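Engineer: Numbering (full-length UniProt numbering), first residue to last: 1 to 526. Every residue gets a Cβ at the ideal spot worked out from N, C-alpha and C, and that includes glycine. Remember, it's a predicted structure, so these values are computed and weren't measured experimentally. Take a look at this one; I'll ask things after.
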């Protein structure tokens, strides 16, 4: 429905997230009202109130991109319900944009993505230049005119890409509660950008990032710099993202496009990227699925001074399902990674020979059944759907402080017992300012870290077997030091004393309990 006909909901109470807070209103049947779990913000994002108290003048239902953009750009507190699927490339009520449309409406009709990629190949352009010098044609073209056309492709790409961004990305304001009405609520190919905003709540949405028509190649054959994240926080604070599904598509991971000269074009970037002094964020009960570089939290070296002392995240009750890297990648900030499930298909040989930290008498626990998330692969991965190689789960980078507790690693595949890819590292090169790691369940006595008593159990598990993540992270770091040169001994330190206590909304006796809870509760609510 268009904004001018949007139904205003006379919601009651402080948080319009639970069914009983919504009265009856015309246009939606009672069974269509949100029936979300009764949850409150907690952890670092505990202060989030989103759109605040909902009333008839600040509560909206949207079902199209035009209204979504208009309402998210409003700077007043508001609660927005997403009904059904909204496509980011929706230009108007009857037309969906595509790559050619973005070129045609960009005033650079001479741009061509294939020519752009060809223009970056020095061997190819040198051959064109030789034809120019010899006053010859090249591939049946006037070589001089063709060289001029190639030389303009790189600049034209930016122009065409900006047109796509103007349609598929939204510069959203804060003081926002954004909720899916039910499990059909889907922002498909939409990029939500929050720049210098605060106070955001997002619940019960499926979100996939736009497919970049014009990404830039980085490393042959398959590394590309795509532009769009599904959700992007820049210098944004106080947020709670709960019960959402982040993925490439509803049908599983999206394979790169086969392209000229053996290139494989990857048109997707991150699912939820955060940088530049953002702070106080809780990421809970979400599904992160079928993607290969999911959560990038912390910018590069230049952003370090702005990130240090900020970038604080609580990560609880999430299911990382066939998310092949960045679950998350962490720089500069403080990260509590507690009671999550990491499911992946281990198709690559272990990085090194690791010792089994589990007692031999501990039998494997339950496996995932009754998933709430859509997967492109079944348990034995016999599907022919695209499955990117698994890389790692947790990236400990530049001066980050990482606490882990009670996580369940559910791994299938040829190397289902491989524990060498839980962690990776980069730029841990300052022993005087090391990255810090703590796994409270691995501390011999909880009295050694009394402030972390609520995080002292359960111990993490790999396929039902106990795993000592403290031993694992330092064994993997030792391997990394031998293999790479960007980090040094002492760049990672065991230091539980620097972490303050933090209460999670649910406590567990075993990691098997975590598995059961996350399987039941992560993702959208029906």
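Secondary structure at residue 217, three-state DSSP: helix, strand or coil?
Structural biologist: Counted from its first residue, the chain shown places residue 217 at position 217. Residue 217 falls in the strand class under three-state DSSP.
Engineer: Comparing alpha-carbon positions, which option in 109, 456, 227, 214 lies nearest residue 444?
Structural biologist: The residue labelled residue 444 in the question sits at position 444 within the chain shown. Nearest of 109, 456, 227, 214 to residue 444, Cα basis: 456.
Engineer: If you drop the 5 nearest sequence neighbours on each side, which residues of the same chain put their C-beta closer than 8 Å to that of residue 490?
Structural biologist: Within the chain shown, the letter at position 490 stands for residue 490. For residue 490, where only same-chain residues beyond five positions count, the Cβ hits under 8 Å are 431, 434.
Engineer: Can the beta-carbon of residue 65 be found closer than 7 Å to that of residue 86?
Structural biologist: In the chain shown, counting from the first residue as 1, residue 65 sits at position 65. In the chain shown, counting from the first residue as 1, residue 86 sits at position 86. Yes. Within cutoff.
Engineer: Just the Cα atoms here: how many angstroms apart are residue 73 and residue 303?
Structural biologist: Taking the chain shown and counting its residues from 1, the one referred to as residue 73 is at position 73. Taking the chain shown and counting its residues from 1, the one referred to as residue 303 is at position 303. Using only the alpha carbons, I get a separation of about 27 Å.
Engineer: What are the uninterrupted segments assigned as alpha helix (DSSP H) that are 4 or more residues long and contained completely in the region 261-333, given in chain order?
Structural biologist: 304-307
Engineer: The beta strand (DSSP E) with residue 60 in it runs from where to where?
Structural biologist: The residue given as residue 60 occupies position 60 in the chain shown. Start and end: 59-62.
Engineer: Confirm, please, whether the CB-CB distance from residue 470 to residue 442 is below 7 Å.
Structural biologist: Numbered from 1 along the chain shown, position 442 holds the residue referred to as residue 442. Numbered from 1 along the chain shown, position 470 holds the residue referred to as residue 470. Contact: yes.
Engineer: Please report the distance separating the alpha-carbon of residue 400 from that of residue 126.
Structural biologist: Along the chain shown, read from residue 1 onward, the residue named residue 400 stands at position 400. Along the chain shown, read from residue 1 onward, the residue named residue 126 stands at position 126. Roughly 45 Å separates the two Cα atoms.
Engineer: How far does the beta strand (DSSP E) with residue 171 in it extend, from its first residue to its last?
Structural biologist: Position 171 of the chain shown holds residue 171. That run of the beta strand (DSSP E) goes 169-171.
Engineer: Using the Cα positions of residue 424 and residue 437, report the straight-line distance between them to the nearest angstrom.
Structural biologist: Within the chain shown, residue 424 is the residue found at index 424, counting from 1. Within the chain shown, residue 437 is the residue found at index 437, counting from 1. The straight-line gap from Cα to Cα measures roughly 13 Å.
Engineer: Can you tell me the Cα-Cα spacing of residue 83 and residue 124, whole angstroms?
Structural biologist: As a working note, residue 83 is residue 83 in the chain shown. As a working note, residue 124 is residue 124 in the chain shown. In a straight line, the C-alpha of residue 83 is about 50 Å away from that of residue 124.
Engineer: Measuring CB to CB, does residue 275 end up less than 7 Å from residue 234?
Structural biologist: In the chain shown, residue 275 corresponds to position 275, counting from 1. In the chain shown, residue 234 corresponds to position 234, counting from 1. Yes, the pair counts as a contact, with Cβ atoms nearer than the cut-off.
Engineer: Residue 512 lies in the beta strand (DSSP E); which residues open and close that run?
Structural biologist: For the purposes of this step, residue 512 is identified with residue 512 of the chain shown, where counting begins at 1. No beta strand (DSSP E) contains residue 512, which is instead part of the alpha helix (DSSP H) from 511-521.
Engineer: Report the residue from 353, 522, 416, 515 whose alpha carbon sits nearest the alpha carbon of residue 475.
Structural biologist: Here residue 475 refers to the residue found at position 475 when the chain shown is read from its first residue. The shortest Cα separation from residue 475 among 353, 522, 416, 515 belongs to 353.
Engineer: Using three-state DSSP, classify residue 160 as helix, strand or coil.
Structural biologist: Residue numbering aside, residue 160 sits at position 160 when the chain shown is read from its first letter. It is helical.
Engineer: Among residues of its own chain, excluding the 5 on either side of residue 366, which ones have a beta-carbon nearer than 8 Å to its beta-carbon?
Structural biologist: Sequence index remark: in the chain shown, residue 366 carries index 366 (1-based). Unreliable placement is indicated for residue 366, whose pLDDT of 43 sits below 50; the coordinate value is still reported in the next sentence. Only 464, 512, 515, 516 meet the Cβ criterion.
Engineer: Just how far apart, CA to CA, sit residue 385 and residue 253?
Structural biologist: Taking the first residue of the chain shown as 1, we reach residue 385 at position 385. Taking the first residue of the chain shown as 1, we reach residue 253 at position 253. When rounded, the distance between both Cα atoms is 8 Å.
Engineer: Between which two residues does the beta strand (DSSP E) holding residue 387 run?
Structural biologist: Reading the chain shown from its first residue, position 387 is the one you call residue 387. Segment: none, residue 387 is in no beta strand (DSSP E) and carries neither H nor E.
Engineer: Of all the options 388, 478, 237, 306, which has the alpha carbon lying nearest to the alpha carbon of residue 44?
Structural biologist: Indexing the chain shown from 1 puts residue 44 at position 44. Comparing Cα positions, the closest option is 237.
Engineer: Go ahead and pull the three-state DSSP assignment for residue 117.
Structural biologist: Numbered from its first residue, the chain shown carries residue 117 at position 117. Correct three-state label for residue 117: helix.
Engineer: So, using beta-carbon positions, are residue 284 and residue 316 closer together than 7 Å?
Structural biologist: For the purposes of this step, residue 284 is identified with residue 284 of the chain shown, where counting begins at 1. For the purposes of this step, residue 316 is identified with residue 316 of the chain shown, where counting begins at 1. Contact flag set, yes.
Engineer: Kindly list the residues whose CB is nearer than 7 Å to the CB of residue 218, restricted to its own chain and excluding five residues on each side of it in sequence; keep chain order.
Structural biologist: In the chain shown, the residue the question calls residue 218 occupies position 218. Here the set comprises 224, 225.
Engineer: Span of the alpha helix (DSSP H) holding residue 472?
Structural biologist: The residue you call residue 472 lines up with position 472 of the chain shown. Element bounds for residue 472: 469-483.
Engineer: I need the boundaries of the alpha helix (DSSP H) containing residue 457, first residue and last residue.
Structural biologist: In the chain shown, the residue the question calls residue 457 occupies position 457. That residue, residue 457, is in no alpha helix (DSSP H); it is neither H nor E in DSSP.
Engineer: Quick check on residue 174: does DSSP put it in helix, strand or coil?
Structural biologist: Taking the chain shown and counting its residues from 1, the one referred to as residue 174 is at position 174. Three-state result, residue 174: coil.
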